[in-house]
Amino acid sequence: MLSRLKTFLRRLNPLPKSKGLRLRDYLLAAIANPREFSRAVRRYLNRRSRMVEAVVRASENPILRDPTPKLPQSFDALLARLASQVGVLELERSERDLQIGVGDVDLLSATTFLATGTPGANLTLDGKKVHLGMEKIKARIQSAQSVEITFNGPDLDPMQIVLESYHETEPGKWMSPNSSNRVMRAYYGDQLGRPGLVTATEVLGAPSLAARSAAMPVDAVYTWVNHEDPDWQAMYRQWSGAPEPETALARSEDAEALSRFHNNDELRYSLRALERNLPWLRRIFVFSNCAPPAWLATDHPRLTWVRHEEVMPPEVLPTFSSHVIESFLHRIPGLAERFIYLNDDFFVMRPMTKLEFFTETGQSQSRLEGYGVVSGPVREGDPDYLNAARNSAALVRETFGFAPTQLHQHVPYALLRPVLDEIETRFAAQIAAFRVNRFRRPTDLNIPSFLYHHYAMGSGQAVSTRKDSILVKSNDLFWTKRLKQAEDRKYHFICINEGGADAAPSGWHEAVRAFLDTRFPKPAAWENQG
Numbered sequence: 006m007l008s009r010l011k012t013f014l015r016r017l018n019p020l021p022k023s024k025g026l027r028l029r030d031y032l033l034a035a036i037a038n039p040r041e042f043s044r045a046v047r048r049y050l051n052r053r054s055r056m057v058e059a060v061v062r063a064s065e066n067p068i069l070r071d072p073t074p075k076l077p078q079s080f081d082a083l084l085a086r087l088a089s090q091v092g093v094l095e096l097e098r099s100e101r102d103l104q105i106g107v108g109d110v111d112l113l114s115a116t117t118f119l120a121t122g123t124p125g126a127n128l129t130l131d132g133k134k135v136h137l138g139m140e141k142i143k144a145r146i147q148s149a150q151s152v153e154i155t156f157n158g159p160d161l162d163p164m165q166i167v168l169e170s171y172h173e174t175e176p177g178k179w180m181s182p183n184s185s186n187r188v189m190r191a192y193y194g195d196q197l198g199r200p201g202l203v204t205a206t207e208v209l210g211a212p213s214l215a216a217r218s219a220a221m222p223v224d225a226v227y228t229w230v231n232h233e234d235p236d237w238q239a240m241y242r243q244w245s246g247a248p249e250p251e252t253a254l255a256r257s258e259d260a261e262a263l264s265r266f267h268n269n270d271e272l273r274y275s276l277r278a279l280e281r282n283l284p285w286l287r288r289i290f291v292f293s294n295c296a297p298p299a300w301l302a303t304d305h306p307r308l309t310w311v312r313h314e315e316v317m318p319p320e321v322l323p324t325f326s327s328h329v330i331e332s333f334l335h336r337i338p339g340l341a342e343r344f345i346y347l348n349d350d351f352f353v354m355r356p357m358t359k360l361e362f363f364t365e366t367g368q369s370q371s372r373l374e375g376y377g378v379v380s381g382p383v384r385e386g387d388p389d390y391l392n393a394a395r396n397s398a399a400l401v402r403e404t405f406g407f408a409p410t411q412l413h414q415h416v417p418y419a420l421l422r423p424v425l426d427e428i429e430t431r432f433a434a435q436i437a438a439f440r441v442n443r444f445r446r447p448t449d450l451n452i453p454s455f456l457y458h459h460y461a462m463g464s465g466q467a468v469s470t471r472k473d474s475i476l477v478k479s480n481d482l483f484w485t486k487r488l489k490q491a492e493d494r495k496y497h498f499i500c501i502n503e504g505g506a507d508a509a510p511s512g513w514h515e516a517v518r519a520f521l522d523t524r525f526p527k528p529a530a531w532e533n534q535g
């Protein structure tokens, strides 16, 4: 009899996909393990009753009846209001992202409060955009594993709060359905059953590894040249025609090209991009042998102007070689152990976290090209960056026994100062030999853009990763099309590069300025007014 019933149940058609498991699965489970099936039914009925309780709570919650205007608010201000009515567990936080947990009966109240009380709010349930006016939205919120609310923060830039619900499976034990919750999927305590706020760090007695890494200070460093600075022009004229040593290999044609030093106000917009998308940076250093631009307030507490002579020894000055200048970055006084190096034509286009540059275990993240081009011997007339990479690759090959072939993408470089110290010590003779060069030469090393990354990966101090980026070059016949492509919001990084020996094409400077002014119109805190 039982065998016939099982055969009959296997022939049953499944319910629609939206219903989840098939009817026969439930019936077979009931026959095979009636006690567990009974528990499952009780859990289901309990969830239904808690859904009703959630709706009642939301209708009675005073913070939802308070007609507070949708003014930009900080995370702390929002949490204070929310925690005055419901229990809140703060899981993780960065400058623009907050992850919190609430009891399942409070999820609807918390979601409604945040979605209606923040300016420009957008609501997403399990990756799908929704709004509070949709049919059955209350049930959808209650059953969602992930609720995301993005809104305009105090500086009008986007901020995001991710909520997840916790169900009390037994007295004092709360579980989240989110199996990706690495911080605290299981919470033991009573805070979620009453109004108030508790953080995961308070519960655990220490931050998580990721939180500890995210709390480490990170700085940014730029190298910058202003081709309009008269003092710089005088130095350039004096040294650009100076004879090379007889043993020197010939420079490439763009080693002294003025386009390499051209300034189209990119620094202003690159700095704006940092303030908007990397607000967690501790300090920003600009390393230069030129006078600061008039618009830059060098007395701003987060920005430091560093002249070459403050870091580099007199015997190597002046130098117009970016390879030489970059070899001294880690010697900048007061620089954090973790820093991001940028050229002024690098632009961070989307909000990013520290953990997208440095792993939670402290490694830097290198963004290499997807193809290898570094091979063969140094050749006169080849691009300086390629010859420098060949020289650097030889050092890596001799040290670790592997041949690096991939260049780093034209995007910001995540660097660890102790690794740069280690490189300078290990290859002291080779570095000293090329630091005397006034301009780029085939004997150079390109440390932060090539040698560092392969050395650090070879020694376990860096990992390779990727983010969407695009390179727009002035010597590209289709640069206008590439600049149009750069408008796509998917890109994390954009490099707008004016290089090579030829002058930029007609319309280049105007088009680039228009693009940057559209994407970053808001002056940064360190810009002089007027």
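The sequence shown begins at 6 in our numbering and counts up one residue at a time.
Even glycine gets a Cβ: it sits at the ideal position worked out from N, Cα and C.
query	result
Please classify Arg-242 as buried or exposed, where buried requires at least 16 other C-beta atoms within 10 Å of its C-beta.	exposed
I'd like the ranges of any beta strand (DSSP E) spanning at least 3 consecutive residues and lying wholly in the segment 294-373.	308-312, 343-348, 351-353, 369-371
So what's Gly-122 in DSSP terms, helix, strand or just coil?	helix
By a C-beta neighbour count over all protein chains shown, 10 Å radius and 16 as the cutoff for buried, is Asp-81 buried or exposed?	exposed
Can you list, in chain order, the residues of its chain whose CB lies under 8 Å from that of Leu-286, leaving out five sequence neighbours each side?	Val-223, Asp-224, Ala-225, Leu-279, Arg-307, Ile-345
Can you give me the C-alpha to C-alpha distance between Leu-420 and Tyr-457, rounded to a whole angstrom?	8 Å
Look at the alpha carbon of Phe-444 and the alpha carbon of Gly-246, and state the distance between them as a whole number of angstroms.	11 Å
Assign His-136 to one of two classes, buried (16 or more other C-beta atoms within 10 Å of its C-beta) or exposed (fewer than that).	exposed
Under 8 Å between the Cβ atoms of Leu-400 and Gln-435?	yes
What separation, rounded to the nearest whole angstrom, lies between the Cα atoms of Ser-511 and Leu-391?	28 Å
Once you ignore the five residues that flank Phe-333 on each side, which residues in its own chain have a CB closer than 7 Å to its CB?	Val-316, Met-317
Which two residues bound the contiguous beta strand (DSSP E) that contains Ala-419?	418-421
Could you check if Pro-338 is buried or exposed, using at least 16 other CB atoms within 10 Å of its CB as the buried criterion?	exposed
Going by beta-carbon coordinates alone, are Ser-454 and Tyr-418 separated by less than 8 Å?	yes
If Asn-268 sits next to Glu-233, beta carbons under 8 Å apart, how far is it from one beta carbon to the other, in whole angstroms?	7 Å
Cutting at 7 Å between CB atoms, please list the residues of its own chain near Pro-409, excluding the five before and the five after it.	Val-379, Ala-398, Val-401, His-459
Taking just the CA atoms, how far does Phe-292 sit from Leu-214?	33 Å
Could you check the C-alpha separation between Ala-519 and Tyr-274 for me, to the nearest Å?	11 Å
Under 8 Å, with one C-beta from each stretch per pair, do the segment 381-388 and the segment 463-481 reach the 3-pair mark?	no
Can you tell which of Glu-153, Ile-105, Glu-175 has the C-alpha that lies nearest to the C-alpha of Thr-206?	Ile-105
With a threshold of 16 other CB atoms inside 10 Å of the CB of Phe-363, please say whether the residue is buried or exposed.	buried
Roughly how many whole angstroms lie between the Cα atoms of Glu-515 and Gln-490?	17 Å
Taking the alpha-carbon positions, what's the Asn-502 to His-305 distance?	28 Å
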